[in-house]
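Quick notes on the structure that follows.
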Amino acid sequence: MIRARMIATALLFHDNDLLMMKRSLTRTLSPGLWAAVGGHLEPEEINDPQAAILREIHEETGLLPEDIADLRLQYILLRLNQKEVRQQFIYTASALRRDVGLTEEGELHWIPREQVLNREIPFIFHRLLEHYLERGPSRHVWVGTAGYDGDGKATVHWTELADPQQV
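For the sequence shown, the working numbering assigns the number 39 to the initial residue and increments by one for each residue that follows.
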């Protein structure tokens, strides 16, 4: 049986720095790796990933909605992890302050943009960061699906999310 997991994640920037978490070794998902803040959608948030990411940002950093500017959905990632389809909504935003709280999920650090990719990051998230740092903010949402290239190497295939009825 294939299960589904929905996740909301935030790329929070302050000036030229990205807020990243060095995940605790006790975490089930990606222990010890670097990630952004975020987490699973609660049942009442299934149709509102933005509410989920605002909740997760507050739980993991102490930042409130008024501490965040320009929050927007920028990516949707789809991947199969064993027998679980993971759908991840990635938001970008600016944090209006740098002081963040402590979290049991890991250690929070502001990482200069040019040093972000030098961290040990899960594969699909690393590809997303490469894509975003190369292209920057976009007026449309990108969908990334994990798969393989023509040589059988793991990759992420990117496409713009579009509504053909609104052309």
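Using N, Cα and C, we set each Cβ at its ideal position, and we do this for glycine too.
Predicted, not measured: the structure shown is a model, and the values here were computed from it.
Same chain, Cβ closer than 6 Å to R157, neighbours up to 5 away in sequence not counted
On the sequence shown, position 119 is the one that residue 157 refers to. Once the five neighbours on either side are set aside, the close Cβ partners of R157 are W72.
Contained alpha helix (DSSP H) runs [length at least 4] in the stretch 109-177, N- to C-terminal order
161-173
Could you check how far apart the C-beta atoms of T141 and E98 are, in whole angstroms? I think they sit under 8 Å.
Residue mapping note: residue 141 aligns to position 103 of the sequence shown, counting from 1. Residue mapping note: residue 98 aligns to position 60 of the sequence shown, counting from 1. T141 to E98, Cβ: 4 Å. Contact.
So, using beta-carbon positions, are L36 and A184 closer together than 9 Å?
Past the edges of the chain, shown from 39 to 205, lies residue 36, and the structure says nothing about it.
E83 by DSSP, collapsed to three states: which one?
Position 45 of the sequence shown, counted from the start, is the residue given in the question as residue 83. Three-state DSSP puts E83 in a helix.
Helix, strand or coil for A89? Go by DSSP, reduced to three states.
On the sequence shown, position 51 is the one that residue 89 refers to. Three-state result, A89: helix.
Between V138, R110, E80 and Q125, which lies nearest to M59 when the distance is taken from Cα to Cα?
Counting from 1 along the sequence shown, the entry for residue 59 is found at position 21. Checked all of V138, R110, E80 and Q125; the closest Cα to M59 is V138.
Taking the continuous beta strand (DSSP E) assigned at E198, which residues delimit it?
Walking along the sequence shown from the start, residue 198 turns up at place 160. Looking at the DSSP string, the run of the beta strand (DSSP E) that includes E198 is A192 to E198.
Roughly how many angstroms separate the alpha carbons of S223 and H178, rounded to a whole number?
In the structure as shown, the chain begins at 39 and stops at 205. Residue 223 is therefore absent and cannot be evaluated.
Which residue wins for smallest C-alpha separation from V75, given the options L101, H195 and D53?
Indexing the sequence shown from 1 puts residue 75 at position 37. Of the listed residues, the one whose Cα sits closest to V75 is L101.
Helix, strand or coil, according to DSSP, for I95 in the structure here?
Stepping through the sequence shown from its first residue, residue 95 is reached at position 57. Correct three-state label for I95: helix.
Residue nearest to H164 in terms of C-alpha spacing, selected from H96, W180 and V194
Taking the sequence shown and counting its residues from 1, one reaches residue 164 at position 126. The shortest Cα separation from H164 among H96, W180 and V194 belongs to V194.
Hey, how far is the Cα of Q204 from the Cα of G144?
The sequence position of residue 204 within the sequence shown is 166, counting from 1. The sequence position of residue 144 within the sequence shown is 106, counting from 1. Approximately 42 Å, taken between the alpha carbons.
Quick one, which of S132, L116 and R93 has its alpha-carbon nearest D108's?
The sequence position of residue 108 within the sequence shown is 70, counting from 1. The shortest Cα separation from D108 among S132, L116 and R93 belongs to S132.
For D105, name the three-state secondary structure that DSSP assigns.
Counting from one through the sequence shown, the residue named residue 105 turns up at place 67. The answer is helix: DSSP assigns D105 an H, G or I state.
Where do the ends of the beta strand (DSSP E) carrying M59 lie?
Position 21 of the sequence shown, counted from the first residue, corresponds to residue 59. Where M59 is concerned, the enclosing beta strand (DSSP E) stretches over D55 to R61.
With distances taken from CA atoms, which of Q153, W180 and L79 is nearest L111?
Reading the sequence shown from its first residue, position 73 is the one you call residue 111. Checked all of Q153, W180 and L79; the closest Cα to L111 is W180.
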